[in-house]
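Visitor:
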Amino acid sequence: MNNTASDRPIIAFDSGIGGLTVLREARVLIPDRRFVYIADDAGFPYGDREEEALKQRIIGLFDGFIKTYDPEIVIIPCNTASTLVLDDLRKAFPAVPFVGTVPAIKPAAERTSSGLISVLATPGTVKRAYTRDLIQSFATKCHVRLVGSQTLARMAEMHMRGDKLDDAALLDEIMPCFYEKDGKRTDIVVLACTHYPLLVNVFRRLAPWPVDWLDPAEAIARRALSLLKPNVDGVEPEHGDDIAVFTSGLPDFPTRRLLQGFGLNPV
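Under the UniProt record's numbering, think of the first position of the sequence shown as 1, with each following residue one higher.
(1) Can you name, in chain order, every residue of its own chain whose Cβ lies under 8 Å from the Cβ of residue 220, other than the five neighbours on each side?
(2) Tell me which residue opens and which closes the beta strand (DSSP E) that residue 224 is part of.
(3) What number of angstroms, rounded off, separates the C-alpha of residue 33 from the C-alpha of residue 9?
(4) Out of 229, 49, 85, 170, point me to the one whose CA is closest to residue 200's CA.
(5) To the nearest angstrom, report how far apart residue 145 and residue 70 are at their CA atoms.
(6) From the DSSP secondary-structure annotation, give me the bridge partner or partners of residue 185.
(7) What three-state label does DSSP hand residue 148 in the structure shown?
(8) Looking at the structure shown, is residue 159 part of a helix, part of a strand, or coil, going by DSSP?
(9) So, under 8 Å CB-CB, residue 162 and residue 45 are touching, yes? Tell me the CB distance rounded to an integer number of Å.
(10) Which residues in the same chain as residue 3 place their Cβ atom closer than 7 Å to its Cβ, once the five residues preceding and following it in sequence are excluded?
(11) Looking only at its chain, what residues have a beta carbon closer than 8 Å to the beta carbon of residue 256, apart from the 5 residues adjacent to it on each side?
(12) Along the chain, where does the alpha helix (DSSP H) that runs through residue 30 open and close?
(13) From what residue to what residue does the alpha helix (DSSP H) around residue 137 run?
(14) So what does DSSP say about residue 104, is it helix, strand or coil?
(15) Closest to residue 168 by C-alpha separation, out of 137, 206, 64, would be which residue?
(16) Hey, residue 92 and residue 59 are a contact pair by Cβ (cut 8 Å); roughly how many whole angstroms apart?
(17) Going by other Cβ atoms of all chains shown within 10 Å of its Cβ, with 16 needed for buried, is residue 83 buried or exposed?
(18) Let me know the secondary structure DSSP gives residue 65 once reduced to three states.
(19) Note down the Cα distance separating residue 262 from residue 37, rounded to an integer number of angstroms.
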């Protein structure tokens with residue numbers, strides 16, 4: 001393709017619909033670009049998949065995405081994919097800038113008053129050395145509890161499709177985030193999976209005490225904006241051209257309706 005930078009879309013890639021939280025922020029900050037949202041729903045959920053197989057799957061998918069869409073930049077809202085394969089993607093496709101997502105441990109450490117932080121993530125993100133390195137680098141003066149959930153990403157997808165969730169089951173998933181130490185309580189929970197902000201209003205309602213639920217979406221969007229070249233022609237694209245691609249090829253009706261609510265045309 002011989003597109004100018006402003007003609008080339010921004011890809012946002014996630015294992016499911018969780019990355020829509022980041023896409024929403026990116027479209028606010030970057031109104032002069034087209035977006036292609038790609039959900040690897042055929043591989044969902046990522047959190048409990050075998051690492052090497054998942055890595056090869058994502059690299060193989062991107063070989064096709066880069067050739068098909070010629071993106072100006074790629075945003076990967078998915079924590080699991082970012083912590084696993086971001087460096088490999090940058091090496092495989094050096095001409096394309098990649099913006100990844102890592103648990104927001106540094107801003108949490110800067111913001112906490114009690115020094116007690118929880119990181120709510122998928123099992124894959126919890127066990128990854130990358131996450132523990134972030135704690136060692138930025139939060140050594142804090143007590144950080146890593147909480148891995150096998151089911152919250154699925155629950156978030158169900159919630160956004162209009163399914164009713166069981167409050168008790170949700171509370172079981174988030175309760176380990178809430179703990180007390182030396183008379184102090186958890187005051188920040190890092191949402192280290194892009195699906196989890198989809199449930200944040202439910203989390204607030206069920207939480208045993210108020211905490212700051214830290215969503216990295218805006219920070220990711222700002223980072224993407226900083227890497228873009230100016231749109232020299234000054235013409236903003238029609239966001240009706242923004243599309244959503246599902247690797248299964250078969251998003252169901254509630255998902256298609258949700259995508260349209262985000263201004264995306266399923267293809």
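Don't be surprised by glycine CBs; every beta carbon is placed ideally from N, CA and C.
Guide: The structure says:
(1) Correct list, in chain order: 22, 25, 26, 75, 77, 99, 101.
(2) No beta strand (DSSP E) contains residue 224, which is instead part of the alpha helix (DSSP H) from 217 to 227.
(3) Taking the straight line joining both Cα atoms gives about 6 Å.
(4) Residue 200 has its Cα closest to that of 170, out of 229, 49, 85, 170.
(5) C-alpha separation (whole angstroms): 40 Å.
(6) Beta-bridge annotation (DSSP): residue 185 is paired with 180.
(7) Residue 148 sits in a strand when the DSSP states are folded into three classes.
(8) The answer is helix: DSSP assigns residue 159 an H, G or I state.
(9) By a beta-carbon distance limit of 8 Å, residue 162 does not contact residue 45. Their separation comes to about 19 Å.
(10) In this prediction, residue 3 scores a pLDDT of 46, lower than 50, which makes its location untrustworthy; no coordinate-derived value is stated.
(11) Apart from the 5 residues on each side of it in sequence, residue 256 sits with its Cβ closer than 8 Å to the Cβ of 266 in its chain, given in chain order.
(12) No alpha helix (DSSP H) contains residue 30, which DSSP labels as neither H nor E.
(13) Boundaries of the alpha helix (DSSP H) harbouring residue 137: 129 to 138, taken from the DSSP string.
(14) Reduced to three states, the DSSP call for residue 104 is coil.
(15) When each option's Cα is compared against that of residue 168, the closest is 206.
(16) Their Cβ separation, rounded to whole angstroms, is 6 Å, which keeps residue 92 and residue 59 in contact under 8 Å.
(17) Burial state of residue 83 is buried, judged by a 10 Å Cβ sphere holding 16 or more other Cβ atoms.
(18) Note: residue 65 maps to helix in three-state DSSP.
(19) Cα to Cα, residue 262 sits roughly 11 Å from residue 37.
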